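To start, the structure itself, in C-alpha cells.
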Amino acid sequence: MQIVLFPHPALRFPSVEVQRIDDALRSAVQKMFALMYESKGVGLAANQVGLPFRFFVVNPSGDPEKKEEEEVFINPIISSRRGMEFHEEGCLSLPKIYSDVERPLEITIDAFDLNGQSRKRKIKGFLARVIQHEYDHIEGFLFTDRIEADQHDEIYEDILLVAEQFRKQQAEGLYDGDEGIEKELAVMAANGRVPAGFSTTKKPTPAPNAE
Ligand code: ZN
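What follows is the structure, given as C-alpha cells:
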C-alpha cells in the first residue's frame, strides 16, 4: 500500500459507502495507520491509498505509541458545524506544502467504528480540524480547494512539482494512466468493499528512498 500523490484520480473520485466491515477492510486500516505514522501524519483517508470508500483513520497525536488516540471513521456524516478559525494544514498527498485553512471549530459527527458500532458526538479543536480535512478527502476535496487565490499562488509551483512526481510514477509504470485508474476505482466502488490483497500500485511498492 502506498499514499498517492496529487493528482492521482482517487483524490477526486466520488467515494462510496463501505458495505461491510471485513478482514480486508481491517487489514487496510492497519496498513493505513502504519503509512500515516511513517509519513508523520495525523490522519489518512481511504482514497489517499487508492481506495474509493468513505472511511479514514486519525490519531491527532501522530504518535504510534498512543494507540488510545487512534480512531477509524466509517461512513461518517458531519451533521453540524460551529464557529470558524484559521490554522495551518498540510497533506500527505501534497507533501511539504502548507497553508492556513479556515474551518469550523466544532463539529457533530456520526460514524461507524471497526466493530460496526455507530456513535454520534461533538468534537472540537485540533481533532475536529483533522477530521474535517479527512472528511474533505472522501468528498473529493483537498485543503488547497479551501484557500484564497493569493494563498494558492504562493504554493502553486510546489503543487506542480508534486504533480510532476505523480506523472513520473505513472510513466515508470507504478500506476496505470488516469483512465485505467478510474476504471479500477469504479469497479471497486461498485463492489462496495476493499478487495482482498489490495495493492495501491501496479508494481510492488519500492522501499523508501530507493533510487
Ligand atoms: Zn490530506
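Going by our numbering, the letters in the sequence shown line up with residues 399 to 609, in that order. Glycine included, every Cβ here is placed at the ideal spot set by N, Cα and C. Fair warning: this is a prediction, and the values are worked out from it, not measured in the lab.
How many Å lie between residue i and residue j at the Cα?
| i | j | result |
| --- | --- | --- |
| E580 | F596 | 16 Å |
| E500 | R544 | 7 Å |
| T599 | I529 | 26 Å |
| K601 | F431 | 21 Å |
| R418 | D574 | 27 Å |
| K520 | G571 | 44 Å |
| K494 | D556 | 9 Å |
| Y533 | R565 | 26 Å |
| G481 | G523 | 11 Å |
| D508 | Y554 | 35 Å |
| T542 | E436 | 23 Å |
| A547 | S497 | 12 Å |
| E609 | L512 | With a pLDDT of only 48 at E609, under 50, the local geometry of the prediction cannot be trusted, and the value read off the model is given with reservation. When rounded, the distance between both Cα atoms is 37 Å. |
| G578 | A408 | 11 Å |
| K429 | A444 | 11 Å |
| G514 | D421 | 13 Å |
| H485 | P412 | 26 Å |
| A587 | L540 | 20 Å |
| Q568 | K465 | 35 Å |
| K438 | V585 | 31 Å |
| R410 | D576 | 11 Å |
| L525 | Q549 | 24 Å |
| G590 | D551 | 38 Å |
| L558 | M399 | 24 Å |
Verify whether the separation of the beta carbon atoms of residue i and residue j is less than 8 Å.
| i | j | result |
| --- | --- | --- |
| T506 | I476 | yes |
| L403 | V592 | no |
| V360 | V470 | With the chain represented from 399 up to 609, any question about residue 360 goes unanswered, as that position is not in the structure. |
| V447 | G460 | no |
| P462 | L583 | no |
| E487 | H531 | yes |
Contact check, residue i vs residue j under 8 Å by CB: the rounded distance?
| i | j | result |
| --- | --- | --- |
| R517 | P502 | With a Cβ gap of about 19 Å, R517 and P502 do not count as contacting. |
| L442 | F453 | Wrong, their Cβ atoms sit about 10 Å apart, outside the cutoff. |
Name the residue from the options whose alpha carbon lies nearest to the alpha carbon of residue i.
| i | options | result |
| --- | --- | --- |
| I536 | D461, M399 and V416 | V416 |
| E562 | F541, G590, H485 and S491 | S491 |
| H406 | G590, G538, E546 and F484 | G538 |
| E483 | L558, N513, E504 and C489 | E504 |
| I401 | V560, E468, K464 and G578 | V560 |
| M434 | R452, N445, N457 and D421 | N457 |
| R527 | G514, A587 and C489 | C489 |
| A594 | F411, S425 and P412 | S425 |
| P474 | E466, F510 and K465 | F510 |
Entirely enclosed alpha helix (DSSP H) segments - the segment 543–579, minimum 4 residues = 547–569
May I have a chain-ordered list of the beta strand (DSSP E) segments no shorter than 3 residues that lie completely inside the segment 423–506?
-> 441–443, 453–456, 469–480, 483–489 and 492–501
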